[in-house]
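Protein sequences, first through last, are from chains A and B.
Using our numbering, read the first sequence as starting at 10 and increasing by one per residue.
Using our numbering, read the second sequence as starting at 10 and increasing by one per residue.
There are 2 protein chains.
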Amino acid sequence: MSKAERTRQLIVEKTAPIFNTGLTKGSIYGNFANKDEVALAAFDHNIQKLQTIVRDEMVRQRTIRDQLLVYVRVYDNFMKHPFPVGGCPILNTTTEADSTHPQLKSKVNEAIIDWKDRVTRMIEKGVDAKEFKPGVNAEQTALTLIAMIEGAILITMATGKLNYRKAVMNSAEKLIMGL
Amino acid sequence: MSKAERTRQLIVEKTAPIFNTGLTKGSIYGNFANKDEVALAAFDHNIQKLQTIVRDEMVRQRTIRDQLLVYVRVYDNFMKHPFPVGGCPILNTTTEADSTHPQLKSKVNEAIIDWKDRVTRMIEKGVDAKEFKPGVNAEQTALTLIAMIEGAILITMATGKLNYRKAVMNSAEKLIMGL
Numbered sequence: 010m011s012k013a014e015r016t017r018q019l020i021v022e023k024t025a026p027i028f029n030t031g032l033t034k035g036s037i038y039g040n041f042a043n044k045d046e047v048a049l050a051a052f053d054h055n056i057q058k059l060q061t062i063v064r065d066e067m068v069r070q071r072t073i074r075d076q077l078l079v080y081v082r083v084y085d086n087f088m089k090h091p092f093p094v095g096g097c098p099i100l101n102t103t104t105e106a107d108s109t110h111p112q113l114k115s116k117v118n119e120a121i122i123d124w125k126d127r128v129t130r131m132i133e134k135g136v137d138a139k140e141f142k143p144g145v146n147a148e149q150t151a152l153t154l155i156a157m158i159e160g161a162i163l164i165t166m167a168t169g170k171l172n173y174r175k176a177v178m179n180s181a182e183k184l185i186m187g188l
Numbered sequence: 010m011s012k013a014e015r016t017r018q019l020i021v022e023k024t025a026p027i028f029n030t031g032l033t034k035g036s037i038y039g040n041f042a043n044k045d046e047v048a049l050a051a052f053d054h055n056i057q058k059l060q061t062i063v064r065d066e067m068v069r070q071r072t073i074r075d076q077l078l079v080y081v082r083v084y085d086n087f088m089k090h091p092f093p094v095g096g097c098p099i100l101n102t103t104t105e106a107d108s109t110h111p112q113l114k115s116k117v118n119e120a121i122i123d124w125k126d127r128v129t130r131m132i133e134k135g136v137d138a139k140e141f142k143p144g145v146n147a148e149q150t151a152l153t154l155i156a157m158i159e160g161a162i163l164i165t166m167a168t169g170k171l172n173y174r175k176a177v178m179n180s181a182e183k184l185i186m187g188l
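Listed below in structure tokens is the structure:
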């Protein structure tokens, strides 16, 4: 296939589900001002989809440790969950949301800070409840966990090797078990 | 600024260094078949630049532990090193090199496998030389270290917070010190 043919095929693959639901370009731009507005709404949708998966799994856990392990399990098995198409919206959007789309950049920023704050509070709560050892740096651990998860997805995206993601997720699990 | 003005400014910023060296579009396409060929050569250039920085720092270290710590130091202080403009070429290229550019995708894949193999061998060598504890899973540790570094860069790229990268790099250092 030539480059032009591959691009053409990619566009068809990506837009096929849209046309399959009866949406036309006219109906999209009748509801959104431009492509940037669609990208913002799509990011919100994908993040909310992810948060719903995580929340639904978390309410079934009894300990904070098990709740933290939900992140590892959901991201390591996201083929089994109704995960957003294309993988992690944070990873996919960070390198794309450059200075030409400041609103999208701001949304990715908020999503990471929000995730980091939520995990930090969970760890602090675990320490307060004496489920975790005292003296842990909660924010550093939260950031490390997020970095491991996103890095693991990146490595598997680049190499296609699912066992590489699995290996890093094992380390993330070890980090949580050591709290 | 409107979206069009921001895009215009970004193009000017990115191409300014090229025109500054006297290169014209004509001279680029006189030497490369197309934009894809330029992207491949640019990726090779940036990866080699990175490897040179790492190698130059490594030869000054006496222990394998100190050699491994070079990765953490170089990536954590890459503003101080003559790092490729724009950050980590692996991170920036992974989400861009989709199915429309299989050669670039293949290069990113090779770069990660090569990095992972090199770190794995260093850890194995450290175990053989009794510098590291026995029984470590060298490949899992190598992948975890790479995921932490790439994840840390991603978090700082998305949030602009250098101290978040620093926090994750502290965890990476701890991982190496615990070997």
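Ideal Cβ positions, reconstructed from N, Cα and C, are used throughout, including at glycine.
Contacts with chain A at 9 Å (Cβ-Cβ) do not include B/Y80. Counting along the chain, B/P98 sits inside the alpha helix (DSSP H) bounded by residues 98-103. Nearest Cα to B/K44 within the set B/V81, B/T104, B/E140, B/L113: B/L113. Taking C-beta separations shorter than 7 Å and ignoring five residues to either side along the sequence, the partners of A/L163 in its chain run L100, following chain order.
At a cut-off of 9 Å between C-beta atoms, B/D45 counts as an interface residue with respect to chain A. With a 10 Å radius around the Cβ and a threshold of 16 neighbouring Cβ atoms, A/N40 comes out exposed.
The three-state secondary structure of B/Q70, taken from DSSP, is coil. Between A/A120 and B/M157, the C-beta gap is not smaller than 9 Å, which leaves the two residues out of contact. At a Cβ-Cβ threshold of 9 Å, A/V177 and A/A151 do not count as neighbours. Residues of chain A whose Cβ lies closer than 8 Å to the Cβ of B/M166 are, in chain order, T103, T104. Between the alpha carbons of B/L32 and B/I62 lies a gap of roughly 27 Å. Around the Cβ of A/V81, a 10 Å sphere holds 16 or more other Cβ atoms; the residue is buried.
Between B/R71 and B/L59, the alpha-carbon positions lie close to 21 Å from each other. For A/L77, no Cβ of chain B is located within less than 9 Å of the residue's own Cβ.
For B/Q149, the residues of chain A that pass the 8 Å Cβ criterion are A176, V177, N179, S180, in the order they occur in the chain. Close to B/I132, with beta-carbon spacing below 9 Å, lies no residue of chain A; the smallest spacing is near 13 Å. Cβ neighbours of B/V79 within its own chain (closer than 7 Å, five residues either side excluded): V63, E66, M67, Q70. Per DSSP, the unbroken alpha helix (DSSP H) holding A/E182 starts and ends at 171-186. In the structure shown, A/T109 falls within a coil segment according to DSSP collapsed to helix, strand and coil. Taking 9 Å as the cut-off, the Cβ atoms of A/T103 and A/V83 do not count as close.
Residue environment analysis places B/P143 among the exposed positions, since fewer than 16 neighbouring C-beta atoms fall within 10 angstroms of its C-beta. In the displayed model, B/V63 falls within a helix according to three-state DSSP. Cα atoms of A/V145 and A/V128: separation of roughly 13 Å, rounded to the nearest angstrom.
Interface annotation, B/V128: not in contact with chain A, CB-CB separation never under 9 Å. Counting along the chain, A/E159 sits inside the alpha helix (DSSP H) bounded by residues 147-168. CA-CA distance, A/N179 to A/M131, rounds to 20 Å.
Taking CB atoms only, A/M157 has a neighbour in chain B less than 9 Å away. Around the beta carbon of A/I56, 16 or more other beta carbons sit within 10 angstroms, so the residue counts as buried.
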